[in-house]
Structures are given as C-alpha cells and as structure tokens.
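To start, the structure itself, in structure tokens.
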Amino acid sequence: MDGIKLNLGSGNEAVPNFENFDNSPSLLVSKVPLLKRLLFKVGVLAEEQWRRDWSGVRWRDLKRGLPYADNAVSKIYSSHFLEHLPPQNARALLQECHRVLKREGVMRIVVPDLLYHAEKYVRETRAALNRSQLDRHAHQTFMNTVAGFYVDGGRPGREHCYMYDLPALVCLLQEIGFRSIERCDYRRGGDSELALLDSRPDESLHLEVRK
Numbered sequence: 314m315d316g317i318k319l320n321l322g323s324g325n326e327a328v329p330n331f332e333n334f335d336n337s338p339s340l341l342v343s344k345v346p347l348l349k350r351l352l353f354k355v356g357v358l359a360e361e362q363w364r365r366d367w368s369g370v371r372w373r374d375l376k377r378g379l380p381y382a383d384n385a386v387s388k389i390y391s392s393h394f395l396e397h398l399p400p401q402n403a404r405a406l407l408q409e410c411h412r413v414l415k416r417e418g419v420m421r422i423v424v425p426d427l428l429y430h431a432e433k434y435v436r437e438t439r440a441a442l443n444r445s446q447l448d449r450h451a452h453q454t455f456m457n458t459v460a461g462f463y464v465d466g467g468r469p470g471r472e473h474c475y476m477y478d479l480p481a482l483v484c485l486l487q488e489i490g491f492r493s494i495e496r497c498d499y500r501r502g503g504d505s506e507l508a509l510l511d512s513r514p515d516e517s518l519h520l521e522v523r524k
C-alpha cells in the first residue's frame with residue numbers, strides 16, 4: 314500500500330520512508346548545536362543524549378493532532394508512546410489516527426502490557442522469601458513499571474500516565490471506530506512492514522487494526 318506512513322513517538326530512531334514524529338526536548342536542542350554543546354559541557358545532557366542522532370525526526374506535540382487531511386495516510390506505527398499520554402489525550406490521538414487513515418489503512422500499536430507486569434508481580438511476590446525482599450524487588454518493580462520510572466529515573470515527560478491491557482485497549486479502539494482488531498505476536502502480523510519495526514518483545518502488547 315503506497316502513500317504516507319507515520320511513526321508516532323519515534324524517539325531518535327527514524328524509520329526510512331516514514332514521517333517520524335517525537336516531542337522530546339532533546340530533539341529541539343539538537344537543532345541548535347551551540348546550545349547542545351553548552352548543555353553537554355555543563356552536565357545537563359548526558360553523553361548518551363549528546364551522541365543521539367535525531368536526523369529524520371520531526372518535532373511535534375501530538376496532543377495537538379496530526380497535520381494531515383482526512384483519509385490521507387496509509388500506515389501508522391506507534392510503539393511505547395500511548396502510555397505516556399493522559400487517557401483523554403491518547404483517545405484524541407487515536408481518533409486523529411482514525412481520521413487520517415485511508416479506508417483499509419492499517420495501524421500497529423505497541424504498549425506495555427499491564428497484564429504481563431501484573432502476572433510477573435504475582436509470581437515474584439509468591440517467590441519472595443521475606444518482606445524486605447518483596448519491597449525491594451516485586452513490589453517496587455511493579456510500581457515503578459506502572460509509573461514509568463523504570464524508563465530513565467522518572468524525568469518529567471517520560472513517566473507513564475496510563476497502562477493498558479488487551480480488553481481496555483480493544484474497547485477503546487472499538488469505540489473510536491477501528492475494525493479488524495487483531496492481537497499479534499512480536500514481529501508478526503498482517504502488515505509485515507509495520508511488524509518488523511517491533512523492538513520490545515517480552516513486555517509488550519501488539520495490536521494491528523484497520524479503518
């Protein structure tokens with residue numbers, strides 16, 4: 314299927330032949346080399362951030378919608394991004410995705426699977442030998458995962474605002490009007506181009522939907 318292809322919440326990993334969008338402050342800083350160098354020298358930017366290449370990524374606050382006409386986009390990919398939006402903003406963005414997708418257009422959504430983390434918590438809790446171990450491992454890991462602090466220590470903008478399991482996400486997508494909602498395995502699905510973009514196999518819920 315030819316046409317416009319979007320990668321929403323891409324980070325600095327631009328996909329060739331896709332329109333890659335992210336709202337990271339680091340992306341804005343990267344456009345001003347002198348500022349980037351200064352922030353690195355004074356310790357505001359870590360070396361990993363300093364070396365990060367944002368080529369091919371466009372900055373956009375996706376809470377403001379998508380800059381495309383109705384029925385203009387063929388494919389959309391979004392991985393580990395929706396959970397960083399408040400639920401009302403995530404719904405609004407998915408509505409925008411539905412609006413801009415062509416008839417029969419496809420979207421692949423990847424989010425952390427709340428059920429996976431809940432079941433992991435139960436297993437580790439049952440295996441805990443004492444209360445201090447429970448606090449240090451199972452409980453704290455689960456709470457950090459839900460809050461998103463496992464990403465990078467809880468810097469603003471990287472925390473999780475919501476977590477999804479299969480029923481919650483399917484209901485949301487159905488309410489918006491998506492059809493043919495299919496749970497997929499890692500790097501498997503009806504659209505192989507989108508499926509091969511997956512990079513988080515163990516903890517993720519992968520869905521492929523069509524308009």
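Quick note on the numbering used here: the sequence shown kicks off at 314 and runs consecutively.
Cβ atoms here follow ideal geometry from the backbone N, Cα and C, with glycine treated the same way.
Computed from a prediction, not measured in an experiment: that's the story for all the values here.
Report the CB separation of N402 from K376 in whole angstroms; it is logged as a contact under 8 Å. As a working note, residue 402 is residue 89 in the sequence shown. As a working note, residue 376 is residue 63 in the sequence shown. Confirmed, about 5 Å.
Beta-carbon gap between I494 and L520 smaller than 8 Å: Taking the first residue of the sequence shown as position 1, residue 494 is located at position 181. Taking the first residue of the sequence shown as position 1, residue 520 is located at position 207. Result yes, Cβ atoms of I494 and L520 sit closer than 8 Å.
For T458, which residues in the same chain have their Cβ closer than 6 Å to its Cβ, ignoring the five residues on either side in sequence? Within the sequence shown, residue 458 is the residue found at index 145, counting from 1. Short of 6 Å from the beta carbon of T458, and not among the five residues preceding or following it, lie these beta carbons of its own chain, in chain order: H430.
Using the C-alpha atoms, what's the distance from E360 back to D315? Position 2 of the sequence shown, counted from the start, is the residue given in the question as residue 315. Position 47 of the sequence shown, counted from the start, is the residue given in the question as residue 360. Each residue's alpha carbon lies about 39 Å from the other.
Straight-line Cα distance separating D478 from H450: Residue 450 sits at position 137 when you count from the first residue of the sequence shown. Residue 478 sits at position 165 when you count from the first residue of the sequence shown. Whole-angstrom Cα-Cα distance: 22 Å.
Please state whether DSSP places A327 in a helix, a strand or coil. Your numbering for residue 327 matches position 14 in the sequence shown. Taken through DSSP and simplified to helix, strand or coil, A327 comes out as coil.
Starting from C474, follow the alpha helix (DSSP H) in both directions and report where the run begins and ends. Translated into the one-based positions of the sequence shown, residue 474 becomes position 161. That residue, C474, is in no alpha helix (DSSP H); it is neither H nor E in DSSP.
My understanding is that V423 touches D504, with C-beta atoms under 8 Å, so please give their C-beta distance in whole angstroms. The residue you call residue 423 lines up with position 110 of the sequence shown. The residue you call residue 504 lines up with position 191 of the sequence shown. Contact between V423 and D504 does not hold, since their C-beta atoms are separated by about 13 Å, which reaches or exceeds 8 Å.
Pull up the distance between the alpha-carbon of S343 and that of R373, whole angstroms please. The residue given as residue 343 occupies position 30 in the sequence shown. The residue given as residue 373 occupies position 60 in the sequence shown. The alpha-carbon separation between S343 and R373 amounts to approximately 14 Å.
Report the residue ranges of all beta strand (DSSP E) runs contained in full by the region 377-465; include only those spanning at least 3 residues, in chain order. 386-392, 414-425, all fully within the region 377-465.
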